[in-house]
Every structure is written in C-alpha cells, then in structure tokens.
Amino acid sequence: MKFDTPAGTTPIDRQTVIGRPHPRVEGPLKTTGTATYAAEHHDLGGDIAYGYILGAAIGKGRIAAIDTSAADAAPGVRAIVTYRTAGPLGVGQFYVQRMLAGPAVDHYHQAVAVVVADTFEQARAASALIRVDYARTTGSFDLSAQKADAPIAPKEPFGGPSQIVVGDFDRAFAAAPVTLDETYTVPDQAHAMMEPHATIARWDGDLLTCWTSIQQMNWGVRDLARILGIPKANIRLRSPYIGGGFGGKGTVQSDLVLAALAARAAGRPVKLVLQRTLMFNNTIHRPKTIQRVRLGAGRDGRLTAIGHDNWSGNLAGGRTEPSTIPTRLLYRGENRLLRRYLTTLDLAEGNAMRAPGEAPGMMALEMAMDELAERLGMDPVDLRIANDTAVDPEKPGRPFSTRAFVECLRTGADRFGWSKRPGSPASRRDGDWLIGFGMASAIRGAPIAKAGARVRLERSGRVIVETDKTDLGTGSYTIVAQTAAEMMGVPLDRVEARLGDSSFPETPGSGGQMGAASVTAGVYAACAKLRDIVVQRLGFERDDVVFADGEVRSAGRTVSLASAARLGELVAEDSMEYGDLSQRFAQQTFGAHFAEVGVDRYTGVVRVRRLLAVCAAGRILNPVTARSQVIGGMTMGIGAALMEEMAVDTRFGLFVNHDLAGYEVPVHADVPHLDVAFIDEVDPTMSPLKAKGVGELGLTGVAPAIANAVYNATGVRVRDYPITLDKYL
Ligand code: MOS
1 MKFDTPAGTT PIDRQTVIGR PHPRVEGPLK TTGTATYAAE HHDLGGDIAY
51 GYILGAAIGK GRIAAIDTSA ADAAPGVRAI VTYRTAGPLG VGQFYVQRML
101 AGPAVDHYHQ AVAVVVADTF EQARAASALI RVDYARTTGS FDLSAQKADA
151 PIAPKEPFGG PSQIVVGDFD RAFAAAPVTL DETYTVPDQA HAMMEPHATI
201 ARWDGDLLTC WTSIQQMNWG VRDLARILGI PKANIRLRSP YIGGGFGGKG
251 TVQSDLVLAA LAARAAGRPV KLVLQRTLMF NNTIHRPKTI QRVRLGAGRD
301 GRLTAIGHDN WSGNLAGGRT EPSTIPTRLL YRGENRLLRR YLTTLDLAEG
351 NAMRAPGEAP GMMALEMAMD ELAERLGMDP VDLRIANDTA VDPEKPGRPF
401 STRAFVECLR TGADRFGWSK RPGSPASRRD GDWLIGFGMA SAIRGAPIAK
451 AGARVRLERS GRVIVETDKT DLGTGSYTIV AQTAAEMMGV PLDRVEARLG
501 DSSFPETPGS GGQMGAASVT AGVYAACAKL RDIVVQRLGF ERDDVVFADG
551 EVRSAGRTVS LASAARLGEL VAEDSMEYGD LSQRFAQQTF GAHFAEVGVD
601 RYTGVVRVRR LLAVCAAGRI LNPVTARSQV IGGMTMGIGA ALMEEMAVDT
651 RFGLFVNHDL AGYEVPVHAD VPHLDVAFID EVDPTMSPLK AKGVGELGLT
701 GVAPAIANAV YNATGVRVRD YPITLDKYL
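Just so we're aligned: 604 in UniProt numbering is position 604 of the sequence shown, and the numbers increase by one with no gaps anywhere.
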C-alpha cells in the first residue's frame, strides 16, 4: 500500500481500541518472569557452551603477542577465538567499530578474545590465563584539546548537512541589540540499559540462528552479514523481548558477532552475555559534545540570528553527535549558521543514544534561550512563543504538518502554575531549600519508514499478527495488537502479536522514534488487505462493509468474522510505503517541559520536586504506553541534568566509571511525581493512523528545564553538564 496523500477518515478513527489506555498485553509474562529474554532460552538442548569476552587493556596500540596455551588447557575450555583464528571480519553499516581487536587495538575493552567453555565460570577463569602483550601508542582521548583543529564533518547519512547557512549570520548577529554567545558541554553518556547485550548463537550447517537483544532486526541481519561475510538469507535473528536499549542495541554489537564466531569454533550453540563492566567501553555510547550557541534578538525577543556550532569526536569512520538538528526547526530567525565539527578520538564508538542530536542539542540551545530571556527581561515561555514559526525556517515554502508547540507551552505553563515562579534567581526559600522553576521546549523529528506485517485470521476467529518489529519495553506488542483489533473489529484479547523475528515481514524496528508510527501503518496495510479478502469471500459489496464486534456487516447482512475463516485460514501480507509527504511537510513532534527543584542551601544537593511534560505527537495510540515512554524519557532527563557522565581518563584512554556503581542514573528516590499531558491532535500526513512516535520526545528538553530551574534556585549558571554541586557551591 502506498501512502501519498493525507489520510481521510479511516477505520482507525472509530477509536474503539486504538487510543484507549490498554495495559501492556505482554505485561503478565514480564511480571511473572516468563518472558524469555535473549540469554534465557534454556530449551535449545543440553549442549550449550558459554562464551566470555576478554577486553583490551589499552586505549590505543596493538597486540604484540598473544598466548592462549594455558587457557586452551584449562578445564572445560572448548575453543578460543582471537583475531588470528577468526578470519577476516567486515564492519557494520551503522555501528562502525571493529568487533575484534588485533593486531590493532582501536579502543579500551575492544574484544581481544572470546573463550568458550562448558560453564560460564570455566570460561571466565580461562580468560584470565590468556597472556597478551600490548604495544601502546599515543591516542587521542580529549575532545577539548582537539577542538581547535577539528574540521567540519563530511556529509553524513543522518542529521542533515554538516553546515547550514541561511542569510548572513555574522552581520545579523553583529547588528542585534541583544545577543548571547556561550559554550555548553554535554559529557559522554552511556545507555546503561538493564538487560546487558546478550546472544545465544546456533549454527545448523550454514544457517545461523541467534537469540539476541536488538532493536532493528533488518539492520541486525544486514550488519551481521557484512561483518561475518555470509549471505543475509543464512541469518535469522530473534529478539522477542528486550530489556531496554535506548539506541545501544540498534544493531549488531560484539556479543552477537563473537557468539556466532564462538559457536562456529566450538561446534556448539554458545551463550554470550557481555559483562556489565565491558558495556561502557566495548559498545557504543553518546559522545561528548562541546556546543557554542550564539543568539541575536531584537528587544521584542524575536530572534534574528541563530548560530550553533557543535564539536564531537569519534573513531575513524564514525559520525558526529548531530546536536544541531533541533536548532534547524524549532525557532524562527532569518539568519542561521549551524555547523558540526568532527575530530578523531580513540575512545569507544560514539553513536545513537535516545534522541541522538536532539537530546544534547537541546541541553545547549534551551539553556541559551533561558539566558537570553533573562538578558531581555522576558519570561522564558513568552520568549519561546515569540519565536514560533509556521514554516521550516530553512525552506519557508514548507509548512509543518502539525505544530502544536505554542499550545504545549501555554498548556504547560497553566497546568504547572508557571506564573508563580520566582521572578528573580535565588529569591525563594522553603526552609533550607532554595526553590527554582525552569522550563524548556521539546522537539523531536517524526520520521516514518516502510514497514510490513502479516495478518492471519484463524478458524477460531483469532487474529495473529507477525512483524519483525521489536518491543524494548515500549508497548509495541500492545499497539500492534490494538491496530489489528481496530481494523478487524475484534476485541483486543482476540489478537496475538508476534514480534522480534527477522523471518517476519520487515519493519524499521524500534529506533529513531519511528517504530510506533511505522509498524502500525504496516499492520494497517496488511489488515486492509485481509479485510478485502474477507469481504470477497463473503460476497459483500465493498463500499459499506463494517468490521465490528467480531462481525462483518453490510447492507443489513451480518456474518461473524470466524465464519469467514471457517473454510480455511485467511492470510494477508502487505506493507506501507510513503510518497513525498515528508518532503512537503516538516513532520515533527513538539513539547514543553517544566521543572521545580529544591537546592539545599548548605549542602548544595539538588532535588527535583516536580516535572511536567506536555507533548504533541499526533494521535496517541495508547495513553498508558505513551505516558510510560514519556516518563521514561523524563527520568533519563533527570540523569542527564544532574548525574550522568562517563569520566574520561585522558592519559590511558578509557571511561573510568564503567559499571552501574560508578555511572550514576536516577533511582526511585531521585524521581518525583511525573506529570504528563498530551495535546489532542491527529496528523493525517503521517499515515492512516495519524500518529507519530513519542519515545524520544519525552527526553528532549528535560535536562535543560531542570538546569534552568537550578539557576533560578541558586543564581549560579552551570553550562557544563551534569550539574553537580561542586560546580556551583
Ligand atoms: Mo534510538 S537512539 O533512535 O534507538
């Protein structure tokens, strides 16, 4: 099916199942511990062996010698894979790191060997017997030190052009009556998801099946085929449940590659769980950014000049953290200069982490807007409203598909009680707490991509949906089932969604905030086809057929859906593809975040007291799962504002705090009541569902709202995240 004109009325608009707050359909499996995560498939026969990765002990250099003889002879050891035995390996298309070191070592904790043994303990013990002699070379580990020489990044597949010039920024900035020129830093951050990267790999002849934890099945198959040099058709990936990913499981990581190599070497299925302590330096992370923001405005607050320069570093072949993305479409301003600079760093690969670009970009831009509001003597909400734009500032002929940005701001200000904010910094106390309010805007792209599904109507009247979409705790199972239930006119408990199997019809998976909108459109297409088949079989006229309450009705005739399937199962497979709607309209999600913090006047401890997110993201398919996505983002935003930082040892080239003891994320006691409101809107340019994703919107803008509240409480501006008390005491 092709979607190339804005949707009119569709069966989804009835909203008997879609749009309703259904709890997660797979929830009972998870709460009873019976949902099988990647490392939990214990039913693959008794001959599973265990893999254990040895990570490189240097940040940059090469392996001068490696001696595995003692490890080979250790109890239970079945195979040891190193670069000398693995054969040549390619690199993936999205994550570009090499999965096995040797002879070159590209970064700390890059895998140098995987040991396979009968038990996990034997594999771990044997790994300690491997002798590696390293030759260290000087590496580059310090973004600040290299920033001055960093060139503008080459053309990149994501994030738009590395340099955007509109009008004459320099002239407009010089002429502006009120200006701001400040530099902000966002540190290296880790996904730190609950479930570690894990794979069970099994070879049946040339066919490789992997139970793993991957967000995008199609990328996983593609990248694994490239890395191993085998045909895509020989690979089947299965990720029915994923314990969080945030972009760190977008595609193939070392666990998958090394489990496959280890299983081949051992001639047995191999289970490989990446040790928690390796996750931080072995896999990808969100790379540090240094961001200079320059804003020029008239006395009325209207922006005339917007400059945003972004520096980040990566391994050779890696990309920038594209923090200039949100600056392109959020505010008006005739003169714009946005640039991304890239330098080589020999740390682990920097790549996608939840709202890549938008999340760190907004941490800079929205603090800058707060500072500008103060210089203008303007309310921060009013400043944002004054800079709303109805069109793409880079292409004034291109409207937004929907843009309820101002509504988010006004609704949020009202609901939060923004008018009661302390008018000047450090002016309010509650006992020993200094109280501050802060706010920030939110924007995140709403991409959508071709997605397929297969729908089967069983003789019993049950509907089975299969797609390779994944559910990393987001609610995919539920919205897929809801879409099919709405389309086929059956109750939700008559639908079973089967996800996360690369042998099912292809979708873009879970990533880029495109999963929900894309997969539901694919399910819509397959269901539309199935409806046609049912209508044909029943001999109905197509025009007035209604599917509802498990029945098919037309011109006074009513037939149960089950009876349509009685002669034999009915199956339909289709996908939704898109024309140029995303070129004609700027498709984005918008929001506003409001925060109240208390800062202890003696210790400097920050407590977030209240957070509110107001989101405009098209039709909300399920208010429960959507809200969960947003409060997850808000929680992550608390971490980004106040805690999260991988500290770089610039001498030896590693992230020092590489476990969950050293890498701080919010715990329950750090998270207050989180209030979420959705603006009632539909976006008919997206798909027949008229929905957009919301999973990453909930993060963008949270950290700067908190940062601005800390400033409002203390009067001290910290431009270097995370905002820890040592920086303002
Ligand atoms: Mo997301 S970082 O696009 O999984």
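Cβ atoms here follow ideal geometry from the backbone N, Cα and C, with glycine treated the same way.
Distance between beta carbons of residue j and residue i, contact taken as under 8 angstroms
i, j, result
"L561", "E551", "6 angstroms"
"Q189", "M353", "6 angstroms"
"D223", "T199", "At roughly 13 angstroms, the Cβ-Cβ gap does not stay under 8 angstroms, so D223 and T199 are not in contact."
"A386", "R462", "That belief does not hold up - the Cβ atoms of A386 and R462 are roughly 55 angstroms apart, past 8 angstroms."
"L329", "D392", "6 angstroms"
"E694", "H22", "For clarity, residue 694 is Val in the given sequence; the question names Glu instead. That belief does not hold up - the Cβ atoms of V694 and H22 are roughly 16 angstroms apart, past 8 angstroms."
"I290", "Y331", "About 22 angstroms; that fails the 8 angstroms criterion."
Boundaries of the alpha helix (DSSP H) in which residue i is found, first to last residue
i, result
"G515", "G515 to L538"
"S476", "S476 to M488"
"P360", "E358 to L376"
"R627", "P623 to L642"
"R84", "Y83 to A86"
"V91", "It is not in any alpha helix (DSSP H) - V91 carries neither H nor E in the DSSP assignment."
"L224", "M217 to L228"
"V694", "Where V694 is concerned, there is no enclosing alpha helix (DSSP H), given that its DSSP letter is neither H nor E."
"R553", "Segment E551 to S554 is the beta strand (DSSP E) holding R553; no alpha helix (DSSP H) there."
"R328", "I325 to L329"
"S563", "L561 to A565"
Sheet register partners of residue i (DSSP bridge)
i, result
"F576", "The question names Phe, but residue 576 is Met in the sequence shown. A451, per the DSSP bridge assignment."
"Y341", "I152 and W311"
"D675", "L612"
"A297", "V178 and L303"
"F585", "Bridge partners of F585: none, in fact."
"Y184", "Q291"
"T685", "Its beta-bridge partners do not exist; DSSP assigns none."
"G698", "Beta-bridge pairing links G698 to no other residue."
"V463", "L457 and V495"
"A79", "V116"
Buried or exposed (CB count within 10 angstroms, at least 16 for buried), residue i
i, result
"G229", "exposed"
"I152", "exposed"
"L272", "buried"
"E644", "buried"
"R299", "exposed"
"D726", "exposed"
"Y341", "buried"
"A7", "buried"
"V534", "buried"
"E541", "exposed"
"Q15", "exposed"
"G139", "buried"
"R531", "buried"
"Y37", "buried"
"D206", "exposed"
"M576", "buried"
"G579", "exposed"
"V648", "buried"
"S424", "exposed"
"T34", "exposed"
"H673", "exposed"
First through last residue of the beta strand (DSSP E) which encompasses residue i
i, result
"K30", "Looking at the DSSP string, K30 is not in any beta strand (DSSP E); the run it does join, the alpha helix (DSSP H), is G27 to T31."
"V495", "V495 to R498"
"Y728", "No beta strand (DSSP E) holds Y728; DSSP gives it neither H nor E."
"R444", "W433 to G445"
"R238", "I235 to R238"
"F504", "First-last for F504: undefined, no H or E at that position."
"I200", "A198 to D204"
"V597", "Q588 to D600"
"E16", "Note that residue 16 corresponds to Thr in the displayed sequence, not to Glu. From DSSP, T16 is part of no beta strand (DSSP E); its letter is neither H nor E."
"A548", "V546 to A548"
"residue 733", "This structure cannot settle anything about residue 733, because the visible part of the chain is limited to 1 through 729."
"T212", "L207 to T212"
Short CB-CB distance (under 9 angstroms) between residue i and chain D
i, result
"T478", "Considering every chain present, this structure includes no chain D. It has just one protein chain."
Enumerated in chain order, which unbroken segments of the alpha helix (DSSP H) with a length of 4 residues or greater are wholly contained in the segment 93-168?
-> The alpha helix (DSSP H) runs lying completely inside the segment 93-168 and spanning 4 residues or more are 120-127 and 143-146, given in chain order.
Can you list the alpha helix (DSSP H) stretches of 4 or more residues lying completely in the segment 46-74, in chain order?
-> 69-72
Which whole runs of the alpha helix (DSSP H) in the segment 371-423 are 4 residues long or more, in chain order?
-> 380-386 and 405-416
Give, in chain order, every unbroken run of the beta strand (DSSP E) that is at least 3 residues long and sits entirely within the segment 240-282.
-> 270-273
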